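See below for the structure under consideration.
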Amino acid sequence: YPYLLFATVKDIRLANISKTHKDCHHCQVWYIIAFFSSPIGAFRPLQNLAEGAAVDFYYEGNLVCWTEHGLEMIQCVSYNGTYVGPKMGVVTTDLISPDGLAIDWFTQKLYWTDGETNRIEVASITGEHRKVLIWSDIDQPRAIALVPMKK
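Residues 1 to 151 (UniProt numbering) make up the sequence shown, in order.
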């Protein structure tokens with residue numbers, strides 16, 4: 001079944017949107033970014049994001065990556081359907097207002113926009129080999145989408 005991954009201002013959620021659901025208000029929604037905080041393994045969602053902006057999923061690596069306004073970083077967490085790993089700061093420097101985010105599954109690259117630096121950048125999924133792609137004739141870039149094509 002397909003799932004919808006989305007960020008709100010305060011959390012990241014996953015919804016089952018299988019074809020059997022006629023409309024979205026019947027979709028079951030889960031908090032997926034989570035951690036275990038008690039000795040008995042109680043599930044608590046990661047809430048209180050600084051201000052969730054964008055989210056994407058890297059299928060082959062089982063990674064959920066997101067941006068938050070106010071944190072000036074891009075973070076990822078491993079998620080395989082049941083287990084949620086620790087948060088990792090992937091891009092942590094020279095960001096002011098990261099907004100749009102897109103992952104290229106074919107090249108394992110992460111693309112993002114920054115509305116304050118007026119740049120569109122790219123790095124490997126681990127944050128290495130960072131490069132500015134577009135920085136002139138652009139004003140406050142926001143959303144970004146990829147159209148990956150296999151050769």
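We treat Cβ as the ideally placed atom computed from N, Cα and C, and that holds for glycine. These figures come from a predicted structure and were not determined experimentally.
Short Cβ contact (9 Å threshold) for residue i with residue j
{"i": "residue 56", "j": "residue 102", "result": "yes"}
{"i": "residue 95", "j": "residue 111", "result": "no"}
{"i": "residue 7", "j": "residue 66", "result": "yes"}
{"i": "residue 146", "j": "residue 64", "result": "no"}
{"i": "residue 11", "j": "residue 49", "result": "yes"}
Run of the beta strand (DSSP E) containing residue i, from where it starts to where it stops
{"i": "residue 6", "result": "3-7"}
{"i": "residue 78", "result": "73-78"}
{"i": "residue 105", "result": "Segment: none, residue 105 is in no beta strand (DSSP E) and carries neither H nor E."}
{"i": "residue 53", "result": "52-58"}
{"i": "residue 121", "result": "119-124"}
{"i": "residue 49", "result": "Looking at the DSSP string, residue 49 is not in any beta strand (DSSP E), and its letter there is neither H nor E."}
{"i": "residue 114", "result": "109-114"}
{"i": "residue 67", "result": "63-68"}
{"i": "residue 87", "result": "Here residue 87 belongs to no beta strand (DSSP E), and DSSP marks it neither H nor E."}
{"i": "residue 131", "result": "131-134"}
Other residues of its chain near residue i: CB distance less than 7 Å, five sequence neighbours each side excluded
{"i": "residue 97", "result": "69, 114, 115 and 116"}
{"i": "residue 105", "result": "58, 59, 60 and 148"}
{"i": "residue 127", "result": "90 and 91"}
{"i": "residue 143", "result": "100"}
{"i": "residue 54", "result": "7, 66, 67, 99, 100 and 101"}
Residues near residue i by beta carbon distance below 8 Å, same chain, minus five either side
{"i": "residue 118", "result": "135, 138, 139, 140 and 141"}
{"i": "residue 109", "result": "103, 122, 123, 124 and 125"}
{"i": "residue 107", "result": "148"}
Residue burial classification, residue i (beta-carbon count within 10 angstroms, cutoff 16)
{"i": "residue 75", "result": "buried"}
Own chain partners of residue i with C-beta closer than 6 Å, once the 5 adjacent residues on each side are dropped
{"i": "residue 9", "result": "51 and 52"}
{"i": "residue 87", "result": "75 and 77"}
{"i": "residue 85", "result": "77 and 78"}
Proximity test, Cβ basis, 9 Å: residue i and chain D
{"i": "residue 63", "result": "In the displayed structure, chain D is absent; only one protein chain is listed."}
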